[in-house]
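Q:
Chains as they are written, first to last, in the working numbering: chain A, 1 to 269; chain B, 270 to 424; chain C, 425 to 837.
1. Is any beta-carbon of chain A found at less than 8 Å from that of residue 411 (chain B)?
2. Is the beta carbon of residue 735 (chain C) less than 8 Å from the beta carbon of residue 741 (chain C)?
3. Residue 686 (chain C) and residue 625 (chain C): beta carbons closer than 8 Å?
4. Applying the criterion that 16 or more other CB atoms from any shown protein chain within 10 Å of the CB defines a buried residue, is residue 457 (chain C) buried or exposed?
5. Kindly indicate the opening and closing residues of the beta strand (DSSP E) around residue 166 (chain A).
6. Verify the CB distance criterion: does residue 525 (chain C) have a CB-CB separation below 8 Å to chain B?
7. Counting along the chain, where does the beta strand (DSSP E) carrying residue 603 (chain C) start and finish?
8. Residues bridged to residue 838 (chain C) by DSSP?
9. Apart from the five residues on each side of it in sequence, which residues of its chain come closer than 8 Å, Cβ to Cβ, to residue 41 (chain A)?
10. If distances are taken between C-alpha atoms only, which option among C:514, C:758, C:636 and C:599 comes closest to residue 550 (chain C)?
11. Which two residues bound the contiguous alpha helix (DSSP H) that contains residue 644 (chain C)?
12. Buried or exposed: where does residue 92 (chain A) fall if 16 or more other Cβ atoms within 10 Å of its Cβ makes it buried?
13. From residue 369 (chain B) to residue 412 (chain B), what does the alpha carbon distance come to, in whole angstroms?
14. Between which two residues does the beta strand (DSSP E) holding residue 786 (chain C) run?
15. Is there at least one Cβ from chain B nearer than 8 Å to residue 558 (chain C)'s Cβ?
16. Could you tell me the distance, in whole angstroms, from the CA atom of residue 38 (chain A) to the CA atom of residue 777 (chain C)?
17. Assuming the contact rule is C-beta atoms closer than 8 Å, residue 216 (chain A) and residue 350 (chain B) should be a hit. Round their C-beta distance to whole Å, please.
18. Grab the span of the alpha helix (DSSP H) containing residue 234 (chain A) for me, first residue to last.
19. If you draw a straight line from the alpha carbon of residue 525 (chain C) to that of residue 206 (chain A), how long is it in whole angstroms?
20. Would residue 67 (chain A) and residue 119 (chain A) qualify as a contact pair, given that the criterion is a beta-carbon distance under 8 Å?
21. Taking a Cβ distance cut-off of 8 Å, strictly less, list which residues of the segment 204-221 of chain A are near chain B, in chain order.
22. With a threshold of 8 Å between beta-carbons, can residue 673 (chain C) be considered close to chain B, or not?
23. Starting from residue 673 (chain C) and walking both ways along the alpha helix (DSSP H), at which residues does that stretch end?
24. For residue 414 (chain B), go through chain C and note every residue whose CB falls closer than 9 Å to its CB, in chain order.
25. Would you mind reading off the limits of the alpha helix (DSSP H) that contains residue 813 (chain C)?
26. Between residue 501 (chain C) and residue 468 (chain C), is the Cβ-Cβ spacing less than 8 Å?
27. What residues from chain A crowd round residue 514 (chain C), counting only those whose CB sits closer than 9 Å?
28. According to the neighbour-count rule (16 or more other Cβ atoms, all chains shown, within 10 Å of its Cβ), is residue 615 (chain C) buried or exposed?
29. Spell out a yes or no on whether the segment 177-196 of chain A and the segment 537-546 of chain C are touching, meaning 3 or more CB-CB pairs, one atom from each, closer than 8 Å.
30. I want to verify the contact list: residues of chain B whose CB lies under 7 Å from the CB of residue 800 (chain C), in sequence order.
31. Here's a check: name, in chain order, each residue in its chain whose Cβ is nearer than 6 Å to the Cβ of residue 594 (chain C), leaving out the five neighbours to either side.
32. Where residue 758 (chain C) and residue 650 (chain C) are concerned, what is the direct C-alpha to C-alpha distance, given to the nearest angstrom?
33. Between which two residues does the beta strand (DSSP E) containing residue 102 (chain A) stretch?
34. Can the beta-carbon of residue 335 (chain B) be found less than 8 Å from the beta-carbon of residue 352 (chain B)?
35. Helix, strand or coil for residue 719 (chain C)? Go by DSSP, reduced to three states.
36. With a cut-off of 8 Å, does the C-beta of residue 693 (chain C) fall near any C-beta of chain A?
Here it is in structure tokens:
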């Protein structure tokens, strides 16, 4: 019934606790020393996460569905093969309404074969039946109120001070709650590490002054990446937001994403 | 003061023991950099940031290939990243002996194959009609795409 | 690499209809049979405890024969409640992080504390105070390993004087009062783990914790009926029919409340017909047809309502012979136990049957072997019964005379 608790076990516990008190600081110091050595190799110097606030704007009108972004992301971040994508492209095909149906549009077909990594060669619908069709690149929406961070039981996923939503792979317990909580399907369970994984905005690149791989590789500049705290002299994002009406995905959920979309249809979810 | 009943004394001791060992465990098992920026391991930021880079970025291409770079900048393909066609280049920047692909440009179709989902401003060609069977590079120069060959009848 | 990826996707494609986000196109659901069992087992704990509280707090004398059995049932199942959760983790060895650096906005982190509180501050303590007098006596009478166990469980307190026992009863009463909201909190929080997911219209619902609490009470009482009848049958003792009738009554009324609230939930969903309604309708009609309509609604709710309800009519109850009543109660409780399991399945698996794009549905094939397979599920479900058997051997033994307040009269030799 009650957990066995005798004087002897109490003494044992006290002894163990004292031993911990003596040994632990030494262990911790050694650990910290090892860590500084390990981390300093190859880590970007002088990156201060509190001095940036990243965001991305996606101009759907410029996306040609080549799939280079999805392919580059897999390469850059060593994302495992299979249905695991940190970024992907969706194709929307809105068919013409049946004549006399009295509807504004017909059936909506959405697909993303292999995350759009290999492009979209096959067109499933004859061109004449298409009312409208477009591509939508998807990635982590950089929510201001991230539901995924909110539900993490241990603090393994977090909003970094610079606005990136990251996962600590050494701390994640792999419960999958964040994957369930992400409304945008941006997270997955890595089958190799058994931890949750997602778009880091290519944190290892942006902290070195590079652009995220998907932004770097995009031939049409459909993705514009920027820093709200250090805008460039003639910042493309500022100009873009001034000249376009932008919106976010699933605004009714109150997640307030910092990935802004220009030119998306109501069918995009 | 009345004497505390023995079962209560035991329970209080037990509670102190359990809560105490929890607090001690918590003290030692909380990672060092926890709560540096928030409720997470602050060290994780730099750990994630220290992953190696695969795509070098257009700027590092310019360091050596400035003439090609300058030429590309004068034509429509100026927005393209070098690595979009030539492949990831970080290894090449570190060791130039590791060569990148010079493509025969079947790659062109990836962006320029006609597709009803593509926006109309984008140049697209029907691969079956437009000199089918011939390599794009027979006529076109990838770094200077608008230097169109003399073939006005091209669809 | 590209070829391999295409192959995998082509292989998987037949499992999906419509559009699902690429990351959702996995062959297995993220949360599988283990996470179905987790709220099921936790609910049985809460229900069995509330059943026991009927005796302690609400002084329902007729239920005294099952008081100790209900408490031990609650305890055995509580010990197993976190196991499925633990086993499904990608890194079970990191589980202590939930206690060391709990993220207080996460329902799952809070569950760790609610669980610890409920186990140590409510259930263990109450059991200890209930059993203290017996433990001291048994410790003296029994030798060998069992005797050592009893001596350990007394924690060295041997005072069984009148004032000490009075104090025990008082504290026990207090703990029981604290225990009821704690049981609600325990299982309400499990419901909140699902109810808090606003990304998923099947889960994100304010009624979810309440539905979970109600179904927990129903399943817990049903489990106590089941256990009492099975134990009596094993020991070849006659069943206290008065006790069984009262249990049946509470089971019936709890089921009425549960059915009413779940019905209300569905009325609300159908009436407001929000964004995700179309896909939910499809699920109820196609993907979850058997488990939702047949398992949960018909066999798990309607039939037991009729069986137990008919016995609430006095004329019928008085006319029904004992053997018939026994059978009806037994069938009713088994059906309810299966129905609530189906309900947990519908919630957990149902919530992963459709894409969060609300444009497509997934199909999964459950495996027999493996961590998330049928075999493991069966094992997880059998474990609390095995523990309960050991507990009954230790604390509800027929060989040891008991001086407990709530002596299972009919189980006396």
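Even for Gly, the Cβ is constructed at its ideal location relative to N, Cα and C.
A: On the basis of the coordinates in this document:
1. Looking up residue 411 (chain B) in the second chain gives position 142. Output row for residue 411 (chain B): interface = no.
2. Position 311 of the third chain holds residue 735 (chain C). Position 317 of the third chain holds residue 741 (chain C). Going by C-beta atoms, residue 735 (chain C) is nearer than 8 Å to residue 741 (chain C).
3. Position 262 of the third chain, counted from the first residue, corresponds to residue 686 (chain C). Position 201 of the third chain, counted from the first residue, corresponds to residue 625 (chain C). Not closer than 8 Å, so no.
4. By one-based count along the third chain, residue 457 (chain C) stands at place 33. That one is buried.
5. Translated into the one-based positions of the first chain, residue 166 (chain A) becomes position 166. Here the beta strand (DSSP E) through residue 166 (chain A) covers 165-167.
6. Reading the third chain from its first residue, position 101 is the one you call residue 525 (chain C). Yes, residue 525 (chain C) counts as interfacial toward chain B.
7. The residue given as residue 603 (chain C) occupies position 179 in the third chain. Counting along the chain, residue 603 (chain C) falls outside any beta strand (DSSP E), though it belongs to the alpha helix (DSSP H) covering 586-619.
8. This structure cannot speak to residue 838 (chain C), because chain C is shown only from 425 to 837.
9. Working through the first chain from its first residue, we reach residue 41 (chain A) at position 41. Low per-residue confidence applies at residue 41 (chain A): pLDDT is 41, beneath 50, and the placement is therefore not dependable, though the value from the model is reported in the following sentence. So the list is empty, once near-sequence residues are dropped.
10. Within the third chain, numbered from 1, the residue matching residue 550 (chain C) stands at position 126. Closest by alpha carbon: C:599.
11. Indexing the third chain from 1 puts residue 644 (chain C) at position 220. 632-659 is the span of the alpha helix (DSSP H), which, as asked, contains residue 644 (chain C).
12. Here the question's residue 92 (chain A) lines up with position 92 in the first chain. Under this definition residue 92 (chain A) is a buried residue.
13. Walking along the second chain from the start, residue 369 (chain B) turns up at place 100. Walking along the second chain from the start, residue 412 (chain B) turns up at place 143. CA-to-CA, the gap between residue 369 (chain B) and residue 412 (chain B) works out to about 16 Å.
14. As a position in the third chain, residue 786 (chain C) is number 362, starting the count at 1. Its beta strand (DSSP E) spans residues 783-786.
15. On the third chain, position 134 is the one that residue 558 (chain C) refers to. With 8 Å as the cut-off, residue 558 (chain C) does not count as an interface residue toward chain B.
16. To locate residue 38 (chain A), count along the first chain from 1; it is residue 38. To locate residue 777 (chain C), count along the third chain from 1; it is residue 353. Because the pLDDT of residue 38 (chain A) is 43, which lies under 50, any placement of that residue in the model is unreliable, and the number read from its coordinates should be weighed accordingly. One C-alpha to the other measures close to 43 Å.
17. Here residue 216 (chain A) refers to the residue found at position 216 of the first chain. Here residue 350 (chain B) refers to the residue found at position 81 of the second chain. Confirmed, about 5 Å.
18. In the first chain, counting from the first residue as 1, residue 234 (chain A) sits at position 234. Residue 234 (chain A) -> no alpha helix (DSSP H), and no H or E assigned at all.
19. The count along the third chain starts at 1 and reaches residue 525 (chain C) at position 101. The count along the first chain starts at 1 and reaches residue 206 (chain A) at position 206. Cα to Cα, residue 525 (chain C) sits roughly 29 Å from residue 206 (chain A).
20. Mapped onto the first chain, residue 67 (chain A) falls at position 67. Mapped onto the first chain, residue 119 (chain A) falls at position 119. Yes, the Cβ-Cβ distance between residue 67 (chain A) and residue 119 (chain A) is below 8 Å.
21. 204, 205, 207, 208, 210, 211, 213, 216, 217, 218, 219, 220 and 221
22. Within the third chain, numbered from 1, the residue matching residue 673 (chain C) stands at position 249. Answer no: the Cβ-Cβ gap between residue 673 (chain C) and chain B never drops below 8 Å.
23. Working through the third chain from its first residue, we reach residue 673 (chain C) at position 249. It spans 665-696 - the alpha helix (DSSP H) in which residue 673 (chain C) sits, taken as one unbroken run.
24. Stepping through the second chain from its first residue, residue 414 (chain B) is reached at position 145. Chain C residues near residue 414 (chain B): none, gap ~26 Å exceeds 9 Å.
25. As a first step, residue 813 (chain C) is located in the third chain; it is residue number 389 there, counting from the start. Run containing residue 813 (chain C): 798-819, per the alpha helix (DSSP H) assignment.
26. The residue you call residue 501 (chain C) lines up with position 77 of the third chain. The residue you call residue 468 (chain C) lines up with position 44 of the third chain. Taking 8 Å as the Cβ cut-off, residue 501 (chain C) and residue 468 (chain C) qualify as a contacting pair.
27. Counting from 1 along the third chain, the entry for residue 514 (chain C) is found at position 90. Those within 9 Å of residue 514 (chain C) in chain A are 172, 173, 174, 175, 176, 189, 190, 193, 194, 195 and 196.
28. Counting from one through the third chain, the residue named residue 615 (chain C) turns up at place 191. With 16 or more Cβ atoms within 10 Å of its Cβ, residue 615 (chain C) is classed as buried.
29. no
30. On the third chain, position 376 is the one that residue 800 (chain C) refers to. Simply none; closest approach about 29 Å.
31. If you number the third chain from 1, residue 594 (chain C) lands on position 170. Closer than 6 Å at Cβ, skipping near neighbours: no residue.
32. Translated into positions along the third chain, residue 758 (chain C) becomes position 334. Translated into positions along the third chain, residue 650 (chain C) becomes position 226. A straight-line Cα-Cα distance of about 7 Å links residue 758 (chain C) and residue 650 (chain C).
33. As a working mapping, residue 102 (chain A) is identified with position 102 in the first chain. Element bounds for residue 102 (chain A): n/a, residue is neither H nor E.
34. Your numbering for residue 335 (chain B) matches position 66 in the second chain. Your numbering for residue 352 (chain B) matches position 83 in the second chain. No; because the gap between Cβ atoms is not below 8 Å, this pair is not in contact.
35. For the purposes of this step, residue 719 (chain C) is taken as residue 295 along the third chain, with counting starting at 1. Of the three classes helix, strand and coil, the one that applies to residue 719 (chain C) here is helix, per DSSP.
36. Mapped onto the third chain, residue 693 (chain C) falls at position 269. It does not: the Cβ of residue 693 (chain C) has no partner Cβ on chain A nearer than 8 Å.
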